[in-house]
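Novice: Have a look at this one before I ask anything.
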Amino acid sequence: MSSEYRCPLEDLLIIDFETTCEENVFDHPVEIIQIGVVVLNIKDKVIREDVVFNKLVKPVVNPILSQHCIELTGIQQNDVDKAETFSVVYQHFLAWLKEHKFDERKFAFVCDGRQDMWRLAQYQFLLIKENFPAIFRQWINMNKIFQDVAKEKYLSIAGRSNLEKMSNFFEIEFDGHAHNAIDDVKFLAKVTQKILETGRFVNVNETLNCISGWRNVPENVDPNWKSDMHKTHKVIARVLPLASVKRRRAYDPAEDYGICLFCKKSTIDTCVGGVHKQYPADLYSQIKEPFDFATVAGLKRD
C-alpha cells in the first residue's frame, strides 16, 4: 500500500448522471434526472461522508418517466415531479462547490466511463441552450485505468457493466440500487480508493475537444443503427459538437484546466461547444427517418 496517493489533485469528485430512457430505444433525447457526487480527498485519503451532493431533476422534454426508467434507476415519477429543472439544480451544484471551497483547478471529476460527460452532460446543456461548462471538459475515465490495472484479466471478468466488473475484480460489494446515481458514485469512490492504494498514478485522462481527427473520416451509417446501442453511439459521436478524446500527455491542473487540446483556446470564453466545427453533413444525408436525439437539441440544420 502506498503511503501517499499518486495524484496531482486535491480532491476527486466522483460523479454520475441518471437520465430518462426507453427500453431498447437508443435514439432518445436523454434528460438528466439525477446528479450524484461524493468526494475523495487525496491528502487525507478518505471518502468524505460529510460532503455529498444528491439531487433529482425534473425532466422537461419527456416529463413522464418510462416504466423501464423507473425500474432501472429506482427513481419514482412523483419524486421528479417535485424536483427542480436542470438549470436550477445546476446552480445548486455550483453553490455546493463554492460552499465547500472546491477549486475547479484543483479537483477533477471521476466517471466510470466517458458517457456521463461526452454524451449526457453535453447533450443536457444543448437542451437548455447554454455553453458547456469548463468544469466538465476534462475528467478521469476510471474504467480506462481499471482496464490497465486488470490487464489481460479484464475480458474474462464477469459482469455486464463497468461497475459489475469492478465489483467482481476488487471483491467490493455494491450496496444499493444499481443505476441510481448516488449509489453508483459511492461504489465507484471505493474502487477509486482501492486503485490509488495500489500506488497507481491517477490523473485526468480524457477531454472534450472541438475537433477530432477521426471525425474527418466519413461514416457509413448502418440502416439499422437505431436498433443497436453501439451503432447509435457511433452516430451520436458525430452529431455532438464536442468529441471525447484520450489525453496523450499528462494533465497539469494549473496549466491545462479549461483549455481545448485542439484549438488551444479557453473553454471558458471562446471554445464553448455551441458551434459544430465538424458538422456531419454526409451522415445526415444518409439518415432519412426522424432523428429525435439530433432534432430535439437543434443539432440538425435545415
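Whatever position you read off the sequence shown (first residue = 1), add 78 for our numbering.
No residue lacks a Cβ here, since even glycine has one placed at the ideal position from N, Cα and C.
1. Please list the terminal residues of the continuous alpha helix (DSSP H) segment that includes N221.
2. For Q112, which three-state DSSP category applies?
3. Output needed for A236: all residues of its chain with C-beta closer than 8 Å, excluding positions within five of it in sequence on either side, in chain order.
4. Are the CB atoms of L286 and S410 within a distance shorter than 9 Å?
5. Cα-Cα, which of R325, F95 and H146 is closest to D194?
6. For P368 versus R316, is the C-beta spacing smaller than 9 Å?
7. Would V129 and T163 qualify as a contact pair, given that the criterion is a beta-carbon distance under 9 Å?
8. Determine, using beta carbons only, whether P107 and L205 come nearer to each other than 9 Å.
9. For T98, tell me which candidate among I92, Q112 and I223 has the shortest Cα-Cα distance.
10. Would you grab the beta carbon distance between D190 and L90 for me? Rounded to a whole angstrom, and I think it's under 8 Å.
11. Please classify R238 as buried or exposed, where buried requires at least 16 other C-beta atoms within 10 Å of its C-beta.
12. Taking DSSP as the reference, what is the three-state secondary structure of C147?
13. Go through the region 81-144 residue by residue and report every complete run of the beta strand (DSSP E) that reaches 3 residues or more, in order.
14. Does N287 come out as helix, strand or coil in the three-state DSSP assignment?
15. Alpha carbon to alpha carbon, what distance is there between Q145 and A256?
16. Express the C-alpha separation of C338 and D330 in angstroms, rounding to a whole number.
17. Check each candidate in W217, K312 and E100 and name the one with the smallest Cα separation from P301.
18. Is the CB-CB distance between I425 and N132 below 9 Å?
19. Under the three-state reduction of DSSP, which class applies to E242: helix, strand or coil?
20. State buried or exposed for M220, treating a residue as buried only when at least 16 other CB atoms are found within 10 Å of its CB.
21. Measuring straight from C-alpha to C-alpha, what distance separates C341 and T348?
22. Please name the residue, chosen from W174, R84 and K378, that lies closest to D122 on a Cα-to-Cα basis.
23. Measuring straight from C-alpha to C-alpha, what distance separates Q356 and N283?
24. What number of angstroms, rounded off, separates the C-alpha of L318 from the C-alpha of L87?
25. Using a Cβ-Cβ cutoff of less than 8 Å, which residues in the same chain neighbour V374 once the five nearest sequence positions on both sides are dropped?
26. In the DSSP assignment, what residue or residues form a beta bridge with I323?
27. Would you kindly check if the distance between the Cβ of V280 and the Cβ of I218 is under 9 Å?
28. Give every residue of the same chain whose Cβ lies closer than 6 Å to the Cβ of A161, excluding the five residues on either side of it in the sequence, and list them in chain order.
Specialist: Taking the geometry as given:
1. M220 to A228
2. strand
3. E242, K243 and N246
4. Residue 410 lies beyond the stretch modelled for the chain, which goes from 79 to 380, so this question has no answer here.
5. F95
6. no
7. no
8. Between P107 and L205, the CB-CB gap stays under 9 Å.
9. Q112
10. About 13 Å separates the two Cβ atoms, so there is no contact after all.
11. Answer is exposed; the Cβ neighbour count stays below 16.
12. Annotated three-state conformation of C147 is helix, per DSSP.
13. 89-97, 110-119 and 124-134
14. strand
15. 16 Å
16. 13 Å
17. K312
18. The requested residue 425 does not occur in the structure, where the chain is confined to residues 79 to 380.
19. If DSSP states are grouped into helix, strand and coil, E242 belongs with the helices.
20. buried
21. 10 Å
22. For D122, the closest alpha carbon among the candidates W174, R84 and K378 is that of R84.
23. 23 Å
24. 29 Å
25. P107, V139 and L205
26. In the sequence as displayed, the identity of residue 323 is Val instead of Ile. DSSP output for V323 lists T285 as bridge partner(s).
27. yes
28. L134, V135 and K136
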